[in-house]
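What follows is a short report on a single structure.
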Amino acid sequence: MFLPKNDNTIAQDRSAEQARREGYANIESWVIEAIPVEIRRGVTVSVQEVVCGDPECAPIDVAVCILFPRCVIFMLLLCI
72 MFLPKNDNTI AQDRSAEQAR REGYANIESW VIEAIPVEIR RGVTVSVQEV
122 VCGDPECAPI DVAVCILFPR CVIFMLLLCI
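The working numbering puts the first residue of the sequence shown at 72, with every later residue one more than the last.
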C-alpha cells in the first residue's frame, strides 16, 4: 500500500515538472531558431526524454524529432 504524498512532496513534483516543461520549450525554440527561415514554416519540433536501461549508456537521453510539412523527418538523440 502506498502512502499519500504530503504537500511538500507534491510541490517538489510540480516544480520539477515545470522545470522539465520549460527545458523542453527551450530546446524546441533553439531548434526552430537554428532552422533556416526559408524552410522553417510549418515545422513541428517534439522533445522527449528517453530512459536507457543499458548500464553503459547515459541514464536519460533527449530525443528531438523535427517534422517538416513535406513529410521529411529528422530525428536526433542527445545523451545527457
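The beta-carbon is built from N, C-alpha and C at its ideal position, and this holds for glycine as well.
Because the structure is a prediction, the values reported are computed rather than measured.
Residue closest to residue i, alpha-carbon to alpha-carbon, out of the options
i, options, result
"V116", "E109, D125, A105 and C123", "A105"
"R112", "K76, L138, R85 and D84", "L138"
"W101", "R91, I81 and V135", "V135"
"R91", "A129, R141 and V133", "V133"
Exposure of residue i, with buried meaning 16 or more beta-carbon neighbours within 10 Å
i, result
"V108", "exposed"
"V118", "buried"
Neighbour flag for residue i against chain C, beta carbons, 8 angstroms
i, result
"F139", "As a matter of chain content, chain C is missing from the structure shown, which is built from one protein chain."
Beta-carbon proximity list for residue i, same chain, < 8 angstroms, skipping 5 on both sides
i, result
"I103", "R111, V114 and V116"
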